[in-house]
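This report concerns only the one structure given below.
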Amino acid sequence: MIDQATVDRILDAAQIVDVVSDFVTLRKRGVNYVGLCPFHDDRTPSFSVSPSRNICKCFACGKGGTPVHFIMEHEQITYVEALKYLAKKYGIEVKERELSTEERQAQNDRESAFIVNQFARDYYHDILLNNPDGRSIGLAYFRNRGFRDDIIEKFQLGYALQQRDAFPKAALAKGYNEKFLASYEVKTKVDGKDVAVAKGTGICYKRDDGQLVDRYAGRVIFPWISLSGKVVAFGGRLLDSRTKGVAQKYVNSPDSEIFHKERELYGIYQAKKAIVKEDCVYMVEGYTDVISMHQCGVENVVANSGTALSKYQINILHRFTNNIILLYDGDEAGIHAATRSAEMLLQEGMTVKVCLLPNGDDPDSFARKHTAQEYRQFINDNATDYIRFKTSLLLRQAGNDPLKRGEAIREVTKSIAIIPEAIMRDVFIKEAADMLGIEEKRMVGYVADQRLANKRAEEKKAAMPTTAQTPEEQAPPENPPMLDAPIDANEESILNGQSSMVKVQRSTFNVQSKKALYKYEHLVMQLLVRHGEQTMCELTDEEGNTIQVTVIEFLDNNLSQDGIELSDPLFREMFRQAVEHRLDADFCAERYFINHPDSAISQMALELVSDRYQLSKYHFKNQTIITDDKRLEELAIEIATSYKYAIINEELKEVMQQLQDPVVAADQIKCAQTIQRYTELREIQAELAKRLGERVVLSF
0 MIDQATVDRI LDAAQIVDVV SDFVTLRKRG VNYVGLCPFH DDRTPSFSVS
50 PSRNICKCFA CGKGGTPVHF IMEHEQITYV EALKYLAKKY GIEVKERELS
100 TEERQAQNDR ESAFIVNQFA RDYYHDILLN NPDGRSIGLA YFRNRGFRDD
150 IIEKFQLGYA LQQRDAFPKA ALAKGYNEKF LASYEVKTKV DGKDVAVAKG
200 TGICYKRDDG QLVDRYAGRV IFPWISLSGK VVAFGGRLLD SRTKGVAQKY
250 VNSPDSEIFH KERELYGIYQ AKKAIVKEDC VYMVEGYTDV ISMHQCGVEN
300 VVANSGTALS KYQINILHRF TNNIILLYDG DEAGIHAATR SAEMLLQEGM
350 TVKVCLLPNG DDPDSFARKH TAQEYRQFIN DNATDYIRFK TSLLLRQAGN
400 DPLKRGEAIR EVTKSIAIIP EAIMRDVFIK EAADMLGIEE KRMVGYVADQ
450 RLANKRAEEK KAAMPTTAQT PEEQAPPENP PMLDAPIDAN EESILNGQSS
500 MVKVQRSTFN VQSKKALYKY EHLVMQLLVR HGEQTMCELT DEEGNTIQVT
550 VIEFLDNNLS QDGIELSDPL FREMFRQAVE HRLDADFCAE RYFINHPDSA
600 ISQMALELVS DRYQLSKYHF KNQTIITDDK RLEELAIEIA TSYKYAIINE
650 ELKEVMQQLQ DPVVAADQIK CAQTIQRYTE LREIQAELAK RLGERVVLSF
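If you read the sequence shown in numbering that gives the first Met the number 0, its first letter stands for residue 0, the second for the next number, and so on.
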């Protein structure tokens with residue numbers, strides 16, 4: 000673990016022009032530098048580098064950030080690895096926390112396992128290419144599958160001799176410890192309990208007589224290579240002549256501290272750059288599917304190799320793209336696999352499409368029959384977004400049976416309800432309603448009910464105590480106060496922006512309303528990122544002590560008082576972190592977010608501080624302008640009040656639509672409630688308008 004002092008030294012030393020110049024030819028333009036973007040096919044210089052801000056940004060594809068994030072994106076490495084890369088470049092010694100004896104031993108064992116795996120990969124690959132049996136059996140098998148020599152080299156394919164003691168003898172002769180050739184367990188403490196942890200590689204196993212034997216003897220070998228390029232495991236396949244009636248055609252490395260199958264994706268190392276370039280990834284099932292697609296020229300492809308897709312695997316893919324196409328056989332098993340994977344991907348916020356290949360073809364066989372251009376064209380012509388795919392499939396299965404059609408509606412509703420992005424839900428609701436032949440507003444209601452049911456289920460699960468607790472311990476803690484001492488009532492109104500609003504109700508906002516509010520949320524976040532840690536005003540507590548109120552504290556108090564949360568998930572997370580870290584020593588919102596390890600947050604922070612967006616353009620009817628130099632107190636109150644005014648306006652539009660709904664008009668109770676809400680909103684609107692005076696906050 001790198002200590003914070005070292006991280007700060009690296010961030011201070013790394014100069015964006017110096018770092019980017021290692022990869023991009025830059026030329027000076029004014030106070031900045033420009034060049035061709037390394038992240039997309041750029042023909043005109045759209046990549047801008049700002050020495051003063053120490054950031055870079057492509058105004059075509061949007062990628063960029065600090066020196067750390069540039070290296071992360073360009074080299075496809077983690078945040079910590081990027082820090083170490085820059086530390087090496089600038090000659091900074093990386094000081095990591097001192098490891099205990101047990102931790103140091105565990106680290107040594109882990110590195111030893113990687114070294115043994117690397118030896119095994121080279122051994123099996125050499126056998127395939129240079130041993131007579133390897134060439135006549137293993138290499139002949141791969142060539143019969145149509146694999147070229149360059150593809151065999153790219154994936155480091157190999158062959159294990161049929162002599163079961165051949166590999167262990169070779170490894171022991173090279174001096175490798177036999178405990179790392181097999182698997183073994185050690186006891187360790189986790190939360191005070193003894194837990195068995197698997198160690199070693201599992202390439203071999205021991206017979207009852209103690210003899211080591213090769214787990215993969217007589218099989219062709221597919222190495223698993225991690226994102227960082229390390230060999231973490233192997234897959235071994237029996238040859239075609241031996242697979243008849245055999246249940247285990249494939250054998251994979253057992254789980255260990257360096258390999259958990261649900262956390263790895265086959266082919267990710269070879270595919271990561273292509274995934275970034277194409278901004279899309281194809282998901283297939285098997286090793287040969289991946290290899291054949293690479294050979295035909297389609298490289299942005301990975302396989303989960305027969306396991307159910309896991310959150311770990313989805314998180315890996317999410318680092319490179321938000322778009323995934325499930326590419327499976329067109330038979331019943333392929334459809335089932337696509338459905339099983341798509342639900343998890345939707346829940347994690349990815350854009351999911353499904354493409355089923357013609358009957359009788361899998362990605363491997365289809366790739367061997369077509370060029371890359373033909374393959375991509377087929378996918379473009381046949382890939383369907385998952386909700387449409389599922390709806391069509393269920394309707395086809397339901398036929399004219401009304402009960403089955405009702406079940407289809409329920410199943411589609413469940414899938415739409417798990418989509419986290421509200422705008423995408425709205426799009427799919429409209430499309431599914433059209434396909435299912437039901438009113439859109441009914442579909443909206445079904446989805447809302449399902450989301451509420453999902454939320455209650457999650458809350459119930461979260462509320463279940465893991466150990467015996469008293470009722471007081473089970474009760475949720477109150478939010479801690481923002482300030483350490485009470486404030487006079489007459490000054491509290493400044494902190495809360497003189498708030499007296501009825502809590503807003505935004506659960507039914509449509510896409511247009513959410514887009515309108517996003518503009519104001521963008522302004523709130525600009526204020527927070529640029530000025531969050533700065534003192535907005537000074538207040539006096541009951542004892543006469545002066546209390547400094549920062550912009551972050553003002554915004555948190557002001558918005559939470561009226562039950563307002565930013566609707567955009569990314570903004571909401573950034574706001575939460577700002578509040579959480581506001582008391583950290585030397586906290587600077589701009590520095591914190593621009594250097595954030597989460598690339599989505601750092602990219603948004605980069606946009607929020609970009610010179611293209613100005614907080615200073617607050618227009619009045621008399622054409623006067625409030626600039627950033629004016630008191631932050633006035634600016635902050637202006638933005639918060641304008642945001643609330645926008646929320647009320649959007650809810651008023653929604654309420655007006657409800658009043659025009661014949662169903663609401665026919666229901667006396669619901670109609671009366673809606674009219675009452677309309678009256679409340681008009682009163683709040685009048686109060687906010689009074690505070691804003693004649694000012695029109697921003698012309699969008």
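Glycine is no exception: its CB is placed at the ideal position from the N, C-alpha and C atoms.
Endpoints, alpha helix (DSSP H) assigned at residue i
{"i": "G199", "result": "First-last for G199: K192 to G199, but that is the beta strand (DSSP E), not the alpha helix (DSSP H)."}
{"i": "N321", "result": "Where N321 is concerned, there is no enclosing alpha helix (DSSP H), given that its DSSP letter is neither H nor E."}
{"i": "N31", "result": "Counting along the chain, N31 falls outside any alpha helix (DSSP H), though it belongs to the beta strand (DSSP E) covering N31 to G34."}
{"i": "T412", "result": "P401 to A416"}
{"i": "K88", "result": "Y78 to K88"}
{"i": "F22", "result": "Per DSSP, F22 belongs to no alpha helix (DSSP H) and is neither H nor E."}
{"i": "P222", "result": "No alpha helix (DSSP H) holds P222; the beta strand (DSSP E) holding it covers R218 to I224."}
{"i": "C670", "result": "Q667 to L691"}
Residue i versus residue j: straight-line alpha-carbon distance, rounded
{"i": "T350", "j": "F233", "result": "31 Å"}
{"i": "E25", "j": "S45", "result": "Residue identity differs from the one stated: residue 25 is Leu in this sequence, not Glu. Taking the straight line from one Cα to the other gives about 11 Å."}
{"i": "I563", "j": "Y591", "result": "24 Å"}
{"i": "T332", "j": "H369", "result": "A small correction: the amino acid at residue 332 is Ala; Thr does not occupy that position in the sequence shown. Cα-Cα distance, rounded: 23 Å."}
{"i": "V662", "j": "K429", "result": "20 Å"}
{"i": "Q312", "j": "E637", "result": "44 Å"}
{"i": "A112", "j": "P167", "result": "14 Å"}
{"i": "F570", "j": "A515", "result": "15 Å"}
{"i": "V275", "j": "T320", "result": "6 Å"}
{"i": "L308", "j": "A432", "result": "29 Å"}
{"i": "V67", "j": "L82", "result": "6 Å"}
{"i": "A270", "j": "V301", "result": "7 Å"}
{"i": "G217", "j": "R120", "result": "15 Å"}
{"i": "S340", "j": "N303", "result": "10 Å"}
{"i": "D384", "j": "A447", "result": "21 Å"}
{"i": "V528", "j": "R109", "result": "41 Å"}
{"i": "N648", "j": "Y78", "result": "42 Å"}
{"i": "C587", "j": "E298", "result": "42 Å"}
{"i": "E74", "j": "I220", "result": "28 Å"}
{"i": "G444", "j": "I415", "result": "12 Å"}
{"i": "Y215", "j": "F258", "result": "17 Å"}
{"i": "K248", "j": "D288", "result": "16 Å"}
{"i": "V230", "j": "Q117", "result": "6 Å"}
{"i": "Q504", "j": "A635", "result": "Here Q504 scores only 47 on pLDDT, less than 50, and its place in the model is too uncertain to base an answer on."}
{"i": "L691", "j": "Q547", "result": "25 Å"}
{"i": "L226", "j": "E653", "result": "48 Å"}
Chain-order list of residues whose beta-carbon lies under 6 Å from that of residue i (same chain, five-residue window excluded)
{"i": "L316", "result": "V280"}
{"i": "K403", "result": "A397"}
{"i": "F427", "result": "I386 and I415"}
Selection from the options that minimises the alpha carbon distance to residue i
{"i": "S49", "options": "K27, L226, D433 and Y591", "result": "K27"}
{"i": "C55", "options": "E653, D361 and I70", "result": "I70"}
{"i": "Q294", "options": "A645, F146 and E439", "result": "F146"}
{"i": "I324", "options": "D330, Y286 and L345", "result": "L345"}
{"i": "E177", "options": "E606, Y204, A599 and T390", "result": "Y204"}
{"i": "I290", "options": "T306, A337, N358 and S364", "result": "S364"}
{"i": "V212", "options": "V194, L237 and Q161", "result": "Q161"}
{"i": "E284", "options": "M423, D328 and Y642", "result": "D328"}
{"i": "L355", "options": "S20, L558, Q3 and M282", "result": "M282"}
{"i": "L687", "options": "S20, P596 and A645", "result": "A645"}
{"i": "S51", "options": "E650, G29, A671 and I408", "result": "G29"}
{"i": "D583", "options": "D125, A382 and I551", "result": "I551"}
{"i": "I91", "options": "A13, I150 and I136", "result": "A13"}
{"i": "A599", "options": "S609, P568, M423 and A577", "result": "P568"}
Chain C contact for residue i (CB, 7 Å cutoff)
{"i": "C536", "result": "Given the protein chain composition of this structure (a single chain), no chain C is represented."}
Run of the beta strand (DSSP E) containing residue i, from where it starts to where it stops
{"i": "S47", "result": "F46 to S49"}
{"i": "F58", "result": "Per DSSP, F58 belongs to no beta strand (DSSP E) and is neither H nor E."}
Nonlocal neighbours in the same chain, by C-beta distance under 7 Å from residue i, ignoring five residues either side
{"i": "V501", "result": "With a pLDDT of only 43 at V501, under the threshold of 50, the placement of this residue in the model should not be trusted; the figure read from the coordinates follows. Closer than 7 Å at the Cβ level, and outside the excluded window around V501, lie E679 and I683."}
{"i": "A59", "result": "C36, H39, D41 and S45"}
{"i": "S578", "result": "Here the sequence assigns Val to residue 578, which means Ser is not the residue at that position. Cβ within range, chain order: I551 and D555."}
Spatial neighbours of residue i in its chain, beta-carbon cut-off 8 Å, leaving aside the 5 residues before and after
{"i": "I417", "result": "E342, L345, Q346 and N453"}
{"i": "I378", "result": "Y281, I324, L326 and C354"}
Review point. Considering only residues of the segment 523 to 585, which uninterrupted alpha helix (DSSP H) runs meet the minimum length of 4 residues and lie entirely inside it, listed in chain order?
Key: 550 to 560 and 568 to 580
**Study point:** alpha helix (DSSP H) segments (min. 4 residues) lying fully within the segment 132 to 213
**Key:** 139 to 143, 148 to 153, 165 to 172 and 177 to 180
Point to revise | Contained alpha helix (DSSP H) runs [length at least 4] in the segment 229 to 308, N- to C-terminal order | key: 267 to 277 and 286 to 295
Exercise for review: Just list the alpha helix (DSSP H) runs in the segment 421 to 461, keeping only unbroken ones of 4 residues or longer that don't cross its boundaries, in chain order.
Suggested key: 421 to 435
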